[in-house]
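*Asks:* Structure in structure tokens, see below.
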């Protein structure tokens, strides 16, 4: 099974199993990672904002215009920011690393 790494705001890394077909948001919830997802993955908020490790960003599908619009609402936006609900795990993403932004 693929895995991914969540990096907490304090730098702590958490490696978890990441089933193919689940979103980064769903994987976070499955493992108790503090990633809110207030709209439950319906692309109506930015509370599942993650910062993709720069080495992984080019391997992801480009963000849609709707995702870009929601990201404009995110705190701590960076060049590789994405919404966790829009990144779907695949075998090609085995080892994906994302950082959780600071809350404020």
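In our numbering, the protein residues as written are 1310 to 1413.
Note that the Cβ used here is the ideal one computed from N, Cα and C, for glycine as well.
1. Determine, using beta-carbon pairs with one atom in the segment 1332 to 1342 and one in the segment 1363 to 1374, whether at least three such pairs fall under 8 Å.
2. Starting from residue 1334, follow its DSSP beta bridges and name the residues at the other end.
3. By the three-class DSSP mapping on this structure, what secondary structure does residue 1403 have?
4. Helix, strand or coil for residue 1380, going by three-state DSSP, please let me know.
5. May I have the straight-line CA-CA distance separating residue 1335 from residue 1327, to the nearest angstrom?
6. Taking the alpha-carbon positions, what's the residue 1348 to residue 1356 distance?
7. Could you give the first and the last residue of the continuous beta strand (DSSP E) run that contains residue 1387?
8. Residues in the same chain with beta-carbon distance under 7 Å from residue 1443, minus the five sequence neighbours each way, listed in chain order, please.
9. When you compare the CB positions of residue 1313 and residue 1406, do they come within less than 8 Å of one another, or not?
*Replies:* So, from the data block:
1. In short, these stretches do not touch, since the Cβ pair count stays below three.
2. Taking the first residue of the chain shown as 1, we reach residue 1334 at position 25. Looking at the DSSP output, residue 1334 bridges to nothing.
3. Locating residue 1403 in the chain shown gives position 94, where the first residue counts as 1. DSSP places residue 1403 in the coil class of the three-state scheme, outside both helix and strand.
4. In the chain shown, the residue the question calls residue 1380 occupies position 71. Note: residue 1380 maps to helix in three-state DSSP.
5. Locating residue 1335 in the chain shown gives position 26, where the first residue counts as 1. Locating residue 1327 in the chain shown gives position 18, where the first residue counts as 1. For the pair residue 1335 and residue 1327, the Cα-to-Cα distance works out to about 9 Å.
6. Walking along the chain shown from the start, residue 1348 turns up at place 39. Walking along the chain shown from the start, residue 1356 turns up at place 47. Per the coordinates, the alpha-carbon of residue 1348 lies some 8 Å from the alpha-carbon of residue 1356.
7. Against the chain shown, residue 1387 aligns to sequence position 78. For residue 1387, there is no enclosing beta strand (DSSP E), since its DSSP letter is neither H nor E.
8. Look at the range of the chain in this structure, 1310 to 1413, and you will see that residue 1443 is not part of it.
9. In the chain shown, the residue the question calls residue 1313 occupies position 4. In the chain shown, the residue the question calls residue 1406 occupies position 97. In this structure, residue 1406 lies closer than 8 Å to residue 1313 by Cβ.
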